[in-house]
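> Here it is, the structure, as structure tokens.
Number of protein chains: 2
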Amino acid sequence: MALSHAIMTALLDEDLSGYDLTRKFETSLGFFWAASHQQIYQTLKKLDAEGAVSARAVAQDGRPDKIVYALTPRGHQLLDAWIREESRARPAKDDLFVKLYNVGHTDPAPIEAEIRARHAEHGRRLALYEKIRDRHYAQPRQLPDARKGIYLALSAGIRQERMFIDWCEEALALLATLPQADSEAATTVDADSSRRRTGPKRSG
Amino acid sequence: MALSHAIMTALLDEDLSGYDLTRKFETSLGFFWAASHQQIYQTLKKLDAEGAVSARAVAQDGRPDKIVYALTPRGHQLLDAWIREESRARPAKDDLFVKLYNVGHTDPAPIEAEIRARHAEHGRRLALYEKIRDRHYAQPRQLPDARKGIYLALSAGIRQERMFIDWCEEALALLATLPQADSEAATTVDADSSRRRTGPKRSG
DNA sequence: ACTCCGTATGCAACTCTTTGCATATCTCCT
DNA sequence: AGGAGATATGCAAAGAGTTGCATACGGAGT
């Protein structure tokens, strides 16, 4: 499980509670590896059972108690071993590309709408990443070693967002050349054999 | 389940057996949504039970019999509904970015090695995608509508590979500025107090 | 008092995906 | 006859991730 390793990685610099980790996974590391709080709590228990992290209860004033986790030497070993071993890059699965294969068989409007939404979303993300980079990661070569890797992840994020934004623009331009479905019509799979007009049909 | 929809999408143009689909998911659609044969056979059964596809046995000559699946009108409806509804883009999870957060805390050599491997792999993929584009998708605006979406998915693949290759080069250049861990030193977890000097050490 | 919100942790059920194993037919080669 | 390899389909179990629900404390607002 790579989430285990993402959590251990997050614990490299500081001890954190499940709640802290949840917030960390909503930003920073979470840009590259999303996780829900349920998953995080479960995984922390598993890591604790394995001896990769150690838990200590912390009483708090004005808010509920919490359980803070620290990476153990054993956890560090596991992390190092993982870095050396694993390698498989699983292809990113994205619904949108599957949907694109449906163009010509269905109303393209919802797909265009989704691309427009993505365009906006990736624009926001790009702005966020660039802000972070400009504030904390300008001049990458001058960064302490421990920040260089994070800078590189951020740089990949920035490149990715830019690439996607450019692609959205290409896609919208090309999709604009399609005959628009008026109301519910559209599409069509031309003629005769086997699969005549399975698309949304207008006639009877 | 999006795999259901990917399978239904693959059945838009032609009826296919589980085996055919498996091969199709090793290329084409599979560039964007990977699936093993086990998963495909399971999902086909589920789709059949739901009435989204219909199965028919086909006796063959010179090879084992097969079961060929066709998309039903019901399946077409489900597919259209899915295209309209869903939207959530799950962030691509990639181990490599998690590993990068470990730079400065562990030997960077395996990470560099992985980036080099990715560089090569993405180079191969880029060449493959460009070959497909040049052969079958030159002049996107002249393509039949049903191929425009596929072209766009391919274009996204090409942009992605190029982006990643550029990033690998940036990453290798920056990682080259790190002090290299000599033999087995590195890493480690140093002793006593919580977390001083977790980086690879060279001095003594 | 009451409710909402942020902090903090958790269970249970389900879906999705991966991994390992198993089986069978047919062709081609040795 | 035997084995390799492509074709063709499947089960079972484990791992990973999602969804819905539940609980509890304390502060702030109505």
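Chains as they are written, first to last, in the numbering used here: chain X, 14 to 217; chain P, 14 to 217. Note that CB positions come from ideal geometry on N, CA and C, so glycine has one too.
(1) Which of the three DSSP states is assigned to Leu109/X in this structure?
(2) Figure out for me which residue from Glu99/P, Phe110/P and Arg97/P has the closest Cα to the Cα of Arg218/X.
(3) Do Ala184/P and Ile145/P have their beta-carbon atoms positioned less than 7 Å apart in this structure?
(4) When the Cα atoms are used, what is the spatial distance from Lys112/X to Asp93/X?
(5) Does Ser17/P pass the burial test, meaning 16 or more other C-beta atoms within 10 Å, or should it be called exposed?
(6) What are the residues in the stretch 132 to 164 of chain P lying within 8 Å of chain X by C-beta distance?
(7) My assumption, with CB atoms under 8 Å, is that Tyr82/P sits in contact with Leu57/P. Please give the rounded CB distance.
(8) For a contact meaning CB atoms closer than 7 Å, what does His118/X contact in chain P?
(9) In or out: Val71/P buried (at least 16 other Cβ within 10 Å) or exposed?
(10) From this set, Leu165/P, Glu143/P, Asp28/P and Ser49/P, which residue's C-alpha is nearest Arg36/P's C-alpha?
(11) Can you tell me the Cα-Cα spacing of Trp95/X and Ala62/P, whole angstroms?
(12) Which one of Phe38/P, Phe45/P, Pro192/P and Ala68/P has the shortest CA to CA distance from Thr119/P?
(13) To which residues of the same chain is Arg138/X closer than 6 Å at the C-beta, ignoring the five residues directly before and after it?
(14) Specify, as a first and last residue, the run of the beta strand (DSSP E) that Ala68/X falls within.
(15) Measuring alpha carbon to alpha carbon, tell me which of Val116/X, Tyr32/X and Glu182/X ends up nearest Asp78/X.
(16) What residues from chain P crowd round Met14/X, counting only those whose CB sits closer than 7 Å?
(17) Just the C-alpha distance for Asp28/X and Gly162/X, rounded to the nearest angstrom, thanks.
(18) Of the choices Gln155/P, Gly170/P and Gly117/P, whose alpha-carbon is the least far from that of Glu143/P?
(19) With Leu84/P as the anchor, note down where its alpha helix (DSSP H) starts and where it stops.
(20) Just list the alpha helix (DSSP H) runs in the stretch 110 to 177 of chain P, keeping only unbroken ones of 4 residues or longer that don't cross its boundaries, in chain order.
(21) Give the list of continuous alpha helix (DSSP H) stretches no shorter than 4 residues that lie fully inside the stretch 19 to 48 of chain X.
(22) If we ignore side chains and look at the alpha-carbon of each, how far apart do Glu136/P and Ala23/P end up?
(23) If you draw a straight line from the C-alpha of Ala133/X to the C-alpha of His89/P, how long is it?
(24) Within 10 angstroms of the Cβ of Ala222/P, are there 16 or more other Cβ atoms? Answer buried if so, exposed if not.
(25) For Phe177/X and Tyr164/P, I'd like the C-alpha separation in whole angstroms.
(26) Rounded to whole angstroms, what's the CA-CA distance from Arg131/X to Ala166/X? Just pull it up for me.
(27) Would you decide whether Thr40/X is buried or exposed? Buried here means 16 or more other CB atoms lie within 10 Å of its CB.
With the given structure in hand:
(1) Here residue 109/X refers to the residue found at position 96 of the first sequence. In the structure shown, Leu109/X sits in a helix (DSSP, three-state: H, G or I).
(2) The structure shown does not extend to residue 218/X, since chain X is modelled only from 14 through 217, so no value can be given for it.
(3) If you number the second sequence from 1, residue 145/P lands on position 132. If you number the second sequence from 1, residue 184/P lands on position 171. Going by beta carbons, Ile145/P and Ala184/P fall outside the 7 Å limit.
(4) What you label residue 112/X is simply residue 99 of the first sequence in a count that begins at 1. What you label residue 93/X is simply residue 80 of the first sequence in a count that begins at 1. Whole-angstrom Cα-Cα distance: 39 Å.
(5) Indexing the second sequence from 1 puts residue 17/P at position 4. Buried, by the Cβ-count rule.
(6) Within the stretch 132 to 164 of chain P, the qualifying residues are Glu134, Pro153, Arg154, Pro157, Asp158, Ala159, Arg160, Lys161, Gly162, Ile163 and Tyr164.
(7) Reading the second sequence from its first residue, position 69 is the one you call residue 82/P. Reading the second sequence from its first residue, position 44 is the one you call residue 57/P. Confirmed, Cβ separation roughly 6 Å.
(8) The count along the first sequence starts at 1 and reaches residue 118/X at position 105. Residues of chain P passing the Cβ test: Leu25 and Ala159.
(9) Walking along the second sequence from the start, residue 71/P turns up at place 58. The residue is exposed, with fewer than 16 neighbouring Cβ atoms inside 10 Å.
(10) Position 23 of the second sequence, counted from the first residue, corresponds to residue 36/P. Measuring C-alpha to C-alpha distances from Arg36/P to each of Leu165/P, Glu143/P, Asp28/P and Ser49/P identifies Ser49/P as the nearest.
(11) Locating residue 95/X in the first sequence gives position 82, where the first residue counts as 1. Locating residue 62/P in the second sequence gives position 49, where the first residue counts as 1. Note on geometry: alpha-carbon atoms of Trp95/X and Ala62/P lie some 41 Å from one another.
(12) The residue given as residue 119/P occupies position 106 in the second sequence. Of the residues Phe38/P, Phe45/P, Pro192/P and Ala68/P, the one whose Cα lies closest to the Cα of Thr119/P is Pro192/P.
(13) Residue mapping note: residue 138/X aligns to position 125 of the first sequence, counting from 1. These residues qualify, in order along the chain: Glu174.
(14) Reading the first sequence from its first residue, position 55 is the one you call residue 68/X. Val66 to Val71 is the span of the beta strand (DSSP E), which, as asked, contains Ala68/X.
(15) Counted from its first residue, the first sequence places residue 78/X at position 65. Closest by alpha carbon: Tyr32/X.
(16) Counting from 1 along the first sequence, the entry for residue 14/X is found at position 1. Residues of chain P whose Cβ lies closer than 7 Å to the Cβ of Met14/X do not exist, since the nearest Cβ in that chain is about 11 Å away.
(17) As a working mapping, residue 28/X is identified with position 15 in the first sequence. As a working mapping, residue 162/X is identified with position 149 in the first sequence. Inter-residue distance for Asp28/X and Gly162/X is about 20 Å (C-alpha atoms, whole angstroms).
(18) Taking the second sequence and counting its residues from 1, the one referred to as residue 143/P is at position 130. Nearest option by C-alpha distance: Gly170/P.
(19) For the purposes of this step, residue 84/P is identified with residue 71 of the second sequence, where counting begins at 1. Note, Leu84/P: premise wrong, no alpha helix (DSSP H); beta strand (DSSP E) at Lys79 to Leu84.
(20) The stretch 110 to 177 of chain P contains these whole alpha helix (DSSP H) runs: 122 to 149.
(21) When DSSP assignments are scanned along the stretch 19 to 48 of chain X, the uninterrupted stretches of alpha helix (DSSP H) that are 4 or more residues long and fall wholly within it turn out to be 31 to 37.
(22) To locate residue 136/P, count along the second sequence from 1; it is residue 123. To locate residue 23/P, count along the second sequence from 1; it is residue 10. Residue identity check: residue 136/P is Gly in the sequence provided, not Glu. Looking at the two C-alpha atoms, the distance is approximately 27 Å.
(23) The sequence position of residue 133/X within the first sequence is 120, counting from 1. The sequence position of residue 89/P within the second sequence is 76, counting from 1. Straight-line measurement puts the Cα of His89/P at about 30 Å from the Cα of Ala133/X.
(24) Beyond the ends of chain P as shown, which are 14 and 217, falls residue 222/P; an answer cannot be given.
(25) Sequence index remark: in the first sequence, residue 177/X carries index 164 (1-based). Sequence index remark: in the second sequence, residue 164/P carries index 151 (1-based). When rounded, the distance between both Cα atoms is 15 Å.
(26) For this step, residue 131/X is matched to residue 118 along the first sequence. For this step, residue 166/X is matched to residue 153 along the first sequence. When the Cα atoms are used, Arg131/X and Ala166/X turn out to be separated by approximately 21 Å.
(27) If you number the first sequence from 1, residue 40/X lands on position 27. Under this definition Thr40/X is an exposed residue.
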